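Encoded as structure tokens, the structure appears first; notes follow it.
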Amino acid sequence: MSRYVLPLIAVVALILFLVVGLKRGDPRALPSPFIGKPAPQFELPTLSDPDVTIASKDLNGDFALVNVWATWCVGCRSEHPFLMQLARDKSIPIYGINWRDTRPEALRWIAQLGDPYVASGFDETGRVGIDWGVYGAPETFLLNADGIVVHKHLGPLGREAWDRDFVPLINAGSAAQ
Amino acid sequence: MRRFLILAVAAFSFGPVAAIDSGQAFDDPVLQARYETLISEVRCLKCQNQSIKDSNVFLASDLRREIRRLITEGKTDAEIVDFLVTRYGEFALYRPRTTGKTLILWIAPFLLVLLGGFAMFRVVRHRMSMPLDDDTAIAAKEGSPE
Numbered sequence: 004m005s006r007y008v009l010p011l012i013a014v015v016a017l018i019l020f021l022v023v024g025l026k027r028g029d030p031r032a033l034p035s036p037f038i039g040k041p042a043p044q045f046e047l048p049t050l051s052d053p054d055v056t057i058a059s060k061d062l063n064g065d066f067a068l069v070n071v072w073a074t075w076c077v078g079c080r081s082e083h084p085f086l087m088q089l090a091r092d093k094s095i096p097i098y099g100i101n102w103r104d105t106r107p108e109a110l111r112w113i114a115q116l117g118d119p120y121v122a123s124g125f126d127e128t129g130r131v132g133i134d135w136g137v138y139g140a141p142e143t144f145l146l147n148a149d150g151i152v153v154h155k156h157l158g159p160l161g162r163e164a165w166d167r168d169f170v171p172l173i174n175a176g177s178a179a180q
Numbered sequence: 176m177r178r179f180l181i182l183a184v185a186a187f188s189f190g191p192v193a194a195i196d197s198g199q200a201f202d203d204p205v206l207q208a209r210y211e212t213l214i215s216e217v218r219c220l221k222c223q224n225q226s227i228k229d230s231n232v233f234l235a236s237d238l239r240r241e242i243r244r245l246i247t248e249g250k251t252d253a254e255i256v257d258f259l260v261t262r263y264g265e266f267a268l269y270r271p272r273t274t275g276k277t278l279i280l281w282i283a284p285f286l287l288v289l290l291g292g293f294a295m296f297r298v299v300r301h302r303m304s305m306p307l308d309d310d311t312a313i314a315a316k317e318g319s320p321e
């Protein structure tokens, strides 16, 4: 009987690995090394006015979203209505990083679809995107009042992910203060 | 047919040639060699089974540009790798560093070989200790003619 124990353990272990592998979801979703760390410093000209800049310190003081978007990004278009809704509900200040885009196209997007952002930084060369470890728009970072990254969402943000991942963190953070 | 062949060859040779900024990045051959090694060891996060050397998505070209900039600024390879890992995590490296969390990646193959060797040793020893009953049984039944 005991001769079956070892193979059985091996098979169960293998099955466990396979199940975990399957349940892990999108294999391209990488854990951000910034979670629990201060958000990367940046300073960018704003999308609306090249002479005005937006910098890391402007984000501090409250929970904030940093949303990386671009007009060439299909997922950004699909999440845009939800960002508009967050902005209407005044749920949280949303800052944009307009990544690897052109100013006329980005401004047209804002004019047509609405502007959910307090401000958008214009990252034409992608330098700031790299500092933030961005590898595919849309990406959304949740920053707490101290400017620490507490969550990163990959892909279009929607109600489900918002309620599941963001709201508890914001509530916990607000309660702690 | 011949025209078709020429077309086909032209179509398929176009891709790799036009793929990326494949020209010399540095006049100094030492720097160029470092650059080539670095970019072939960094995973393109957007196209995960390619290195940034082989990929032409703009993220890869941005990362190549950053690496060129860091080399120009006189950063060491270790500093450049650190730059990438703090932003994209260990996953960005095709040759993970032998530290902490990635240690298992380096040890696991040897552990598995050891484990397999041990299992084989056990099986073989078990078999060796078994009587050669088939041969002897047959021999006995046939009344050992020789």
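In the order they appear, the protein sequences are chains A and B.
If you read the first sequence in this note's numbering, its first letter stands for residue 4, the second for the next number, and so on.
If you read the second sequence in this note's numbering, its first letter stands for residue 176, the second for the next number, and so on.
We treat Cβ as the ideally placed atom computed from N, Cα and C, and that holds for glycine.
Fair warning: this is a prediction, and the values are worked out from it, not measured in the lab.
Closer than 7 Å by beta-carbon distance: list the chain B residues that pair up with residue i, in chain order.
{"i": "PRO34(A)", "result": "GLY264"}
Look at the Cβ atom of residue i, then the Cβ atom of residue j, and state whether they are nearer than 8 Å.
{"i": "ALA200(B)", "j": "CYS219(B)", "result": "no"}
{"i": "ASN101(A)", "j": "GLY124(A)", "result": "yes"}
{"i": "THR56(A)", "j": "PRO48(A)", "result": "yes"}
{"i": "ARG239(B)", "j": "ILE255(B)", "result": "no"}
{"i": "VAL71(A)", "j": "VAL153(A)", "result": "no"}
{"i": "PRO271(B)", "j": "THR277(B)", "result": "yes"}
{"i": "GLU211(B)", "j": "TYR269(B)", "result": "no"}
Is residue i helix, strand or coil by DSSP?
{"i": "GLU108(A)", "result": "helix"}
{"i": "SER304(B)", "result": "helix"}
{"i": "PRO191(B)", "result": "At PRO191(B) the pLDDT is 46, less than 50, meaning the model places this residue with poor confidence and gives no usable figure here."}
{"i": "ASN70(A)", "result": "strand"}
{"i": "GLU216(B)", "result": "coil"}
{"i": "TRP75(A)", "result": "coil"}
{"i": "SER81(A)", "result": "helix"}
{"i": "SER226(B)", "result": "strand"}
{"i": "LEU1(A)", "result": "The first residue shown for chain A is 4 and the last is 180, placing residue 1(A) beyond what the model contains."}
{"i": "GLU147(B)", "result": "The structure shown does not extend to residue 147(B), since chain B is modelled only from 176 to 321, so the question has no answer here."}
{"i": "PRO48(A)", "result": "strand"}
{"i": "ALA208(B)", "result": "helix"}
{"i": "GLU321(B)", "result": "With a pLDDT of only 48 at GLU321(B), under the threshold of 50, the placement of this residue in the model should not be trusted, and no figure is reported."}
{"i": "ALA58(A)", "result": "strand"}
{"i": "PRO36(A)", "result": "coil"}
{"i": "GLY24(A)", "result": "helix"}
Which chain A residues sit within Cβ distance under 8 Å of residue i?
{"i": "LEU238(B)", "result": "ILE133"}
So what does residue i bridge to, in DSSP terms?
{"i": "HIS156(A)", "result": "THR143(A)"}
{"i": "TRP135(A)", "result": "Bridge partners of TRP135(A): none, in fact."}
{"i": "ALA122(A)", "result": "TYR98(A)"}
{"i": "ILE151(A)", "result": "PRO41(A)"}
{"i": "LEU268(B)", "result": "VAL217(B)"}
Can you pull the chain A neighbours of residue i, defined as C-beta to C-beta under 9 Å?
{"i": "ALA233(B)", "result": "Per the sequence shown, residue 233(B) should be read as Phe rather than Ala. Near PHE233(B) (Cβ distances below 9 Å), the residues of chain A are ARG103, GLY129."}
What in chain B is Cβ-close to residue i, meaning under 8 Å?
{"i": "TYR138(A)", "result": "LEU220, LYS221, LEU234, TYR263"}
Give the interface partners of residue i over in chain A, defined as CB-CB distance under 7 Å, in chain order.
{"i": "GLU241(B)", "result": "ILE133"}
If contact is defined by three or more beta carbon pairs under 8 Å, each pair taking one atom from either stretch, is the stretch 124-131 of chain A in contact with the stretch 59-67 of chain A? no
Please determine if the stretch 91-108 of chain A and the stretch 15-34 of chain A are in contact, where contact requires at least 3 C-beta pairs separated by less than 8 Å. no
Three or more C-beta pairs below 8 Å linking the stretch 73-89 of chain A and the stretch 103-123 of chain A: yes
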